[in-house]
Amino acid sequence: MSGRLAGKVAVITGAGSGIGRSSALLFTREGATVHVADRDAARAEAVAAEIGAAATAHTVDVTDPAAVEALAEAVFAAGAVDIVMNNAGIGHAGPTAETPLEDWRAIVEVNIMGVVHGVHAFVPRLLAQGRKADIVNTASMAGLVPVAKMAPYVMSKHAIVGLSESLHAELSRQGIRVTALCPGVIDTAIVADSTMRGDMAAAAPKAVAFYRKRGVSPDVVAGDVLHTLTKRHRVITASPRWQVMPAWIVQRISP
Ligand code: NAD
1 MSGRLAGKVA VITGAGSGIG RSSALLFTRE GATVHVADRD AARAEAVAAE
51 IGAAATAHTV DVTDPAAVEA LAEAVFAAGA VDIVMNNAGI GHAGPTAETP
101 LEDWRAIVEV NIMGVVHGVH AFVPRLLAQG RKADIVNTAS MAGLVPVAKM
151 APYVMSKHAI VGLSESLHAE LSRQGIRVTA LCPGVIDTAI VADSTMRGDM
201 AAAAPKAVAF YRKRGVSPDV VAGDVLHTLT KRHRVITASP RWQVMPAWIV
251 QRISP
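Numbering follows the UniProt record's numbering, in which position 35 of the sequence shown is assigned residue number 35; successive positions increment by one, without gaps.
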């Protein structure tokens, strides 16, 4: 198989939809085989079926450390792993005064602990196999800048940028590059699936429409990931189109 990822093996969580799905499709077009993991079994199986022989579906909820451990065990039992993309995530927006603790906890459990479980399960195994590998953790531009009325989500994505940078500082000498992926607003199921409270419920579809018109898509982000994986030097991958984000989407960016 030829391609820029020929012979590589990738594991992607949240691969049943959006950025994860596009990445799975692109990686396999570039010669990789992919483990498609999602908590939604039907989504994971649909993506694996779309890809064919180069994909295996796994039903995994990343908030469950035992399930992520079992995923790691299963994929390493099948052979070496080159790319781990901790990508599963959920969205949230709304005024802080209207945000119950259960929302904060849900964001921490999926967006932070979900990635931590991936790190905990995969890093020792990646080190033990003794070859170069990449970990890509899906953060967000919300991991680089503050956004009003998105405190839980922004907090979680800043954590992922900090985690990824720290891991890279520690692991890169041992051949494991760690990258925080930081896309802007992408038209995926996450917006419809997200908890939107207060006036953010009306703002979210507008933001998506704004970006859709400008050609930002999960496929563009998957291309950014491929670019990072195939470059010698790691970059924090950010969508340049964030620069055109209008004030009514980011209601206030702190100085
Ligand atoms: P999406 O909703 O299309 O895909 C997310 C997938 O993750 C879904 O298939 C969902 O079933 C799965 N998932 C959710 N919780 C899970 C869990 N606990 N365990 C396993 N799977 C789970 O959304 P997307 O936009 O492709 O999101 C992918 C990642 O990109 C997320 O981390 C998200 O925060 C991040 N991101 C999205 C945007 C955007 O605007 N869409 C922007 C920046 C970053």
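Note that beta-carbon positions come from the ideal geometry of N, C-alpha and C, so glycine has one too.
The DSSP assignment places 101 to 107, 114 to 129 as complete runs of the alpha helix (DSSP H) inside the region 76 to 152, in order along the chain (cut-off: 4 residues). With respect to L5, A41 sits apart: the two C-beta atoms are not nearer than 8 Å. Nearest to L163 by C-alpha distance, out of M113, A106, K149, V81, is M113. Residue pairing by DSSP places D38 opposite T59 in a beta bridge. Pairwise C-beta distances place the region 135 to 155 in contact with the region 170 to 190, as three or more of them are shorter than 8 Å. The beta carbon of A169 is closer than 8 Å to none in its chain, skipping five residues each way along the sequence. Within the same chain, and ignoring the five residues on either side of L26 in sequence, the residues whose Cβ sits closer than 8 Å to its Cβ are D219, A222, G223, V225, L226. Per DSSP, V11 is one residue of the beta strand (DSSP E) stretching across 9 to 13. Taking one beta carbon from each stretch, the region 101 to 108 and the region 201 to 221 have fewer than 3 pairs nearer than 8 Å; the two do not touch. Ranked by how close their Cα comes to the Cα of K231, the residues K157, E73, D134, A55 have D134 in first place. Taking non-hydrogen atoms of the ligand NAD into account, the C-beta of R212 is found less than 7 Å away from none of them.
The beta carbons of V34 and H58 sit about 11 Å from each other, so the pair does not count as a contact at 8 Å. Beta-carbon to beta-carbon, I12 and G18 are separated by about 11 Å, too far to satisfy the 8 Å threshold. Annotation for V178: the continuous beta strand (DSSP E) segment containing it runs 176 to 182.
According to the DSSP secondary-structure assignment, T195 is paired through a beta bridge with H92.
In this structure, V60 has its CB closer than 7 Å to one or more heavy atoms of the ligand NAD. For T33, DSSP records a beta bridge to V9. Between A67 and V60, the CB-CB gap stays under 8 Å.
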